[in-house]
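A.B. asks: Starting off with a structure, shown below.
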Amino acid sequence: MDRERLVRHLSAAVGAAHVLTDPALKASYESDFTGRHTGRARCVVRPADTAEVAAVLRLCHAAGVPVLPQGGNTGLVGGSVPGPDGDEVVLSLRRLTGIGPLDPDARRITVGAGVPLAELHRRLRPRGWDFAVDLAARDSATLGGMIATNAGGERVVKYGTTRANVAGLEAVLSDGSVLDRLAGLPKDNTGYDLTDLLVGSEGTLAVVTRARLRLVPRPAHRATALLALGSLAAAVGVLARLRLLDSLELAEFFTADGLALVLEQSGLPAPFRTAHPVYLLVECAGRRDPSEELAEALDGADVRDDVRDVAVALDAPDRRRLAAYRERHTESINAVGIPLKLDVTVPLAVLPDFVAELPALLAGRARPYLFGHLAEGNLHVNLLDVAAADEEAVTEAVLRRVAAVGGSISAEHGIGRAKARHLHLTRSAADIAVMRSIKAALDPDRLLSPHTLLPPGP
Ligand code: 2HG
Ligand code: ZN
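Quick note: the sequence shown uses this note's numbering, first residue -16, plus one each step.
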């Protein structure tokens, strides 16, 4: 089917206003927000509901045209933007914004794939409930995209990744057939778990249209502390103590360089009188005020763990002020360059050594900013000033080292296009063969996200 005919059919399915072919209108769907990953879409289609998503996929399937599902386009590995050849139809799920009803007895809510995370939080929190996953891109990231990438974020230490918080899904296969596993029953042992299979499949197996989410009661009290520490090993030591608290929800770290950049770019006042090598942001929450147990856990930490200063916040504006030092890293780094982002997991026991060895590994080829989710050993290696000619070698050097110490080349951002050729470093040949079989079974014509995760290959 030629391009014009497909556009006419898509327009009939979703309305002409929701099929974008004008380069100026398509542009924001064709590159990620860092500007590192860009491509060209045949057109952008914006269906309103599951039936329209199914119609779009049926038409593209009949025409043999590849489709790239896209949520809030906050992904950082090129999985949410099309390839360079202008072949793919970008299928934006952002109009699937239905929420509810809230089911407090089952502790569940059903949402459309296009609901932004912050919008869901706004709906739930005043009613005493919460969706436990939270991340810095909350205003733009959509639930569908978070499910497709199994987003992690800041509260994994207590609540797990998105996977642990999704009970059921509705999704559309590349031929337009609808998988309905939305009931998300707490007990349902009837064969393969298709919901779990689709979470984290990065748009390569099906297009998520709706989700049944697990909810948690919203804790009434929170206490946040920003700790200034002498070293990363000290931060790991403090964390080990804090993990004994059931109330621990968040443990994020960053370094002196990162904080200096955030202060310079944001104009925020410095949290402490002097700079320190490492900072650890922790938050405890519960039905009772956790500030006392947090203080007790930190008692004596100055001597024992090289904690050099502490700022504590109890009310929401103060807590947000402390969180900003960590959450504003991404935008501050972006403001001064296009970073090479390597989101990795390194086992906690070797994390301080891994970080200490990084300068030798980089050999002056990059200016590193390191921050991340400490409890999972999730390190966001952001590299600025990498010459184009060095990018591949620097990426290989870091990811090979991650593999050598038993980590993962992607902690939470996924594989996307950026890391597809490195997948073999931390997934075995047998793993990849099984993944390819699953891809072939669900999307035999390779029409969904064809350049993501498992590009054509042996
Ligand atoms: C975060 O933790 C996100 O803020 C983005 O995963 C990390 O910008 C990054 O590298
Ligand atoms: Zn992160």
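From the three backbone atoms N, C-alpha and C, an ideal C-beta is built for every residue, glycine too.
As the structure is a prediction and not an experimental result, all values here were calculated from the model.
For a test of the three-state rule: what should DSSP assign to Glu71, helix, strand or coil?
C.D. replies: In the sequence shown, the residue the question calls residue 71 occupies position 88. If DSSP states are grouped into helix, strand and coil, Glu71 belongs with coil.
A.B. asks: Mind pulling the beta strand (DSSP E) runs of 3 or more residues that sit fully within the stretch 34 to 58?
C.D. replies: 50 to 53
A.B. asks: When you compare only the Cα positions, how much space is there between Val329 and Asp86?
C.D. replies: Numbered from its first residue, the sequence shown carries residue 329 at position 346. Numbered from its first residue, the sequence shown carries residue 86 at position 103. The straight-line gap from Cα to Cα measures roughly 38 angstroms.
A.B. asks: With respect to 8 angstroms, is the separation between the Cβ of Pro351 and the closest non-hydrogen atom of the ligand 2HG below this value?
C.D. replies: Your numbering for residue 351 matches position 368 in the sequence shown. Flag unset: Cβ of Pro351 not near the ligand 2HG.
A.B. asks: Using the three-state DSSP reduction, which class does Gly159 fall into: helix, strand or coil?
C.D. replies: Residue 159 sits at position 176 when you count from the first residue of the sequence shown. Reduced to three states, the DSSP call for Gly159 is coil.
A.B. asks: Kindly indicate which three-state DSSP category Glu375 falls into: helix, strand or coil?
C.D. replies: Counting from one through the sequence shown, the residue named residue 375 turns up at place 392. Glu375: helix per DSSP, three-state reduction.
A.B. asks: Name the residue from Ser230, Asp171, Ala203, Pro254 whose alpha carbon lies nearest to the alpha carbon of Ala211.
C.D. replies: Position 228 of the sequence shown, counted from the start, is the residue given in the question as residue 211. Comparing Cα positions, the closest option is Pro254.
A.B. asks: How is the alpha helix (DSSP H) around Val27 delimited, first residue to last?
C.D. replies: If you number the sequence shown from 1, residue 27 lands on position 44. It is not in any alpha helix (DSSP H) - Val27 instead sits in the beta strand (DSSP E) that spans 26 to 28.
A.B. asks: Which value, in whole angstroms, describes the spacing of the CA atoms of Gly(-2) and Ala38?
C.D. replies: As a first step, residue -2 is located in the sequence shown; it is residue number 15 there, counting from the start. As a first step, residue 38 is located in the sequence shown; it is residue number 55 there, counting from the start. Distance between the alpha carbons of Gly(-2) and Ala38: 12 angstroms.
A.B. asks: Have a look at His20 and Val72 and give me their C-alpha separation to the nearest angstrom.
C.D. replies: Here the question's residue 20 lines up with position 37 in the sequence shown. Here the question's residue 72 lines up with position 89 in the sequence shown. Near 17 angstroms, if we compare the C-alpha coordinates of Val72 and His20.
A.B. asks: Measure the C-alpha to C-alpha separation of Val50 and Glu279 and round it to an integer number of angstroms.
C.D. replies: Position 67 of the sequence shown, counted from the first residue, corresponds to residue 50. Position 296 of the sequence shown, counted from the first residue, corresponds to residue 279. Going from the Cα of Val50 to the Cα of Glu279 covers about 54 angstroms.
A.B. asks: Below 9 angstroms between beta carbons: does that hold for Val191 and Gly127?
C.D. replies: Here residue 191 corresponds to residue number 208 of the sequence shown, with the count starting at 1. Here residue 127 corresponds to residue number 144 of the sequence shown, with the count starting at 1. Against a cut-off of 9 angstroms, the Cβ pair of Gly127 and Val191 comes out as a contact.
A.B. asks: Can you find the residues in the same chain that come closer than 6 angstroms, C-beta to C-beta, to Pro433, ignoring five residues on each side of it along the sequence?
C.D. replies: Start at 1 with the first residue of the sequence shown, and residue 433 comes out as number 450. Excluding sequence neighbours, Pro433 sits near Pro49.
A.B. asks: Closest by CA to Asp171, which one among Ala(-5), Ala216, Lys141, Ala150?
C.D. replies: Taking the first residue of the sequence shown as 1, we reach residue 171 at position 188. The residue with the shortest Cα to Cα distance from Asp171 is Ala150.
A.B. asks: Please report how far the alpha carbon of Val221 lies from the alpha carbon of Gly69, in whole angstroms.
C.D. replies: What you label residue 221 is simply residue 238 of the sequence shown in a count that begins at 1. What you label residue 69 is simply residue 86 of the sequence shown in a count that begins at 1. Taking the straight line from one Cα to the other gives about 50 angstroms.
A.B. asks: List the whole-angstrom C-beta distance separating Gly435 from Arg400, where the pair is believed to meet the contact cut-off of C-beta under 8 angstroms.
C.D. replies: Looking up residue 435 in the sequence shown gives position 452. Looking up residue 400 in the sequence shown gives position 417. The identity of residue 435 in the sequence shown is Thr, whereas the question assumes Gly. Contact holds; Cβ gap of about 6 angstroms.
A.B. asks: Give me whichever residues DSSP pairs with Asp326 in a beta bridge.
C.D. replies: The count along the sequence shown starts at 1 and reaches residue 326 at position 343. DSSP lists His363 as partners of Asp326.
A.B. asks: Pick out whichever of Leu152, Pro335, Ser157 has its Cα sitting closest to the Cα of Arg164.
C.D. replies: The residue given as residue 164 occupies position 181 in the sequence shown. Considering only alpha carbons, the answer is Leu152.
A.B. asks: Going straight from the alpha carbon of Ala406 to that of Ala154, what length do you get?
C.D. replies: Counting from one through the sequence shown, the residue named residue 406 turns up at place 423. Counting from one through the sequence shown, the residue named residue 154 turns up at place 171. Checking the displayed sequence, the identity of residue 406 turns out to be Leu instead of Ala. Roughly 26 angstroms separates the two Cα atoms.
A.B. asks: Relative to the ligand ZN, is the shortest distance from any of its heavy atoms to the C-beta of Leu325 smaller than 8 angstroms?
C.D. replies: Translated into the one-based positions of the sequence shown, residue 325 becomes position 342. Result no, Cβ not under 8 angstroms from the ligand ZN.
A.B. asks: Whole angstroms are fine: how far does the CA of Ser315 sit from the CA of Ala239?
C.D. replies: Against the sequence shown, residue 239 aligns to sequence position 256. Against the sequence shown, residue 315 aligns to sequence position 332. The alpha-carbon atoms of Ala239 and Ser315 are separated by roughly 14 angstroms.
A.B. asks: Around the C-beta of Pro427, are 16 or more other C-beta atoms found within 10 angstroms, so that it is buried, or is it exposed?
C.D. replies: In the sequence shown, the residue the question calls residue 427 occupies position 444. Burial call: exposed.
A.B. asks: Find out if the Cβ-Cβ distance for the pair Leu431, Leu228 is shorter than 9 angstroms.
C.D. replies: Working through the sequence shown from its first residue, we reach residue 431 at position 448. Working through the sequence shown from its first residue, we reach residue 228 at position 245. Between Leu431 and Leu228, the C-beta gap is not smaller than 9 angstroms, which leaves the two residues out of contact.
A.B. asks: Beta-carbon separation of Arg77 and Gly54 under 9 angstroms?
C.D. replies: Translated into the one-based positions of the sequence shown, residue 77 becomes position 94. Translated into the one-based positions of the sequence shown, residue 54 becomes position 71. Contact: yes.
A.B. asks: For Val295, which residues does DSSP report across the bridge?
C.D. replies: Start at 1 with the first residue of the sequence shown, and residue 295 comes out as number 312. Val295 is bridged to Ala208.
A.B. asks: For Ala358, count neighbouring Cβ atoms within 10 angstroms of its own Cβ and tell me buried if that reaches 16, exposed if not.
C.D. replies: By one-based count along the sequence shown, residue 358 stands at place 375. Buried.
A.B. asks: What did DSSP end up calling Glu137 once you bin it into helix, strand or coil?
C.D. replies: The residue labelled residue 137 in the question sits at position 154 within the sequence shown. Coil at Glu137, not helix or strand.
A.B. asks: Could you give the DSSP three-state label for Ile82: helix, strand or coil?
C.D. replies: In the sequence shown, the residue the question calls residue 82 occupies position 99. Under the three-state reduction of DSSP, Ile82 is assigned to strand.
A.B. asks: Taking 8 angstroms as the cut-off, is the C-beta of His312 nearer than that to any heavy atom in the ligand 2HG?
C.D. replies: Indexing the sequence shown from 1 puts residue 312 at position 329. At least one heavy atom of the ligand 2HG is nearer than 8 angstroms to the Cβ of His312, so yes.
A.B. asks: Using three-state DSSP, classify Arg256 as helix, strand or coil.
C.D. replies: Residue numbering aside, residue 256 sits at position 273 when the sequence shown is read from its first letter. Arg256 falls in the coil class under three-state DSSP.
A.B. asks: Determine contact between the stretch 260 to 271 and the stretch 195 to 213, defined as no fewer than three beta-carbon pairs at a distance below 8 angstroms.
C.D. replies: yes
A.B. asks: From Leu242 to Gly213, what does the alpha carbon distance come to, in whole angstroms?
C.D. replies: Stepping through the sequence shown from its first residue, residue 242 is reached at position 259. Stepping through the sequence shown from its first residue, residue 213 is reached at position 230. In a straight line, the C-alpha of Leu242 is about 15 angstroms away from that of Gly213.
A.B. asks: Give me, in chain order, the residues of the same chain whose beta-carbon lies closer than 7 angstroms to that of Leu246; leave out the 5 immediate sequence neighbours on both sides.
C.D. replies: Along the sequence shown, read from residue 1 onward, the residue named residue 246 stands at position 263. Cβ neighbours of Leu246 beyond the five flanking positions: Ala253.
A.B. asks: In three-state terms, what does DSSP make of Ser63?
C.D. replies: One-based indexing of the sequence shown puts residue 63 at position 80. Three-state result, Ser63: coil.
A.B. asks: Have a look at Cys43 and Leu(-11) and give me their C-alpha separation to the nearest angstrom.
C.D. replies: Taking the first residue of the sequence shown as position 1, residue 43 is located at position 60. Taking the first residue of the sequence shown as position 1, residue -11 is located at position 6. One C-alpha to the other measures close to 8 angstroms.
A.B. asks: Going by DSSP in three states, Ser411 sits in which element: helix, strand or coil?
C.D. replies: Taking the sequence shown and counting its residues from 1, the one referred to as residue 411 is at position 428. It is coil, neither helix nor strand.
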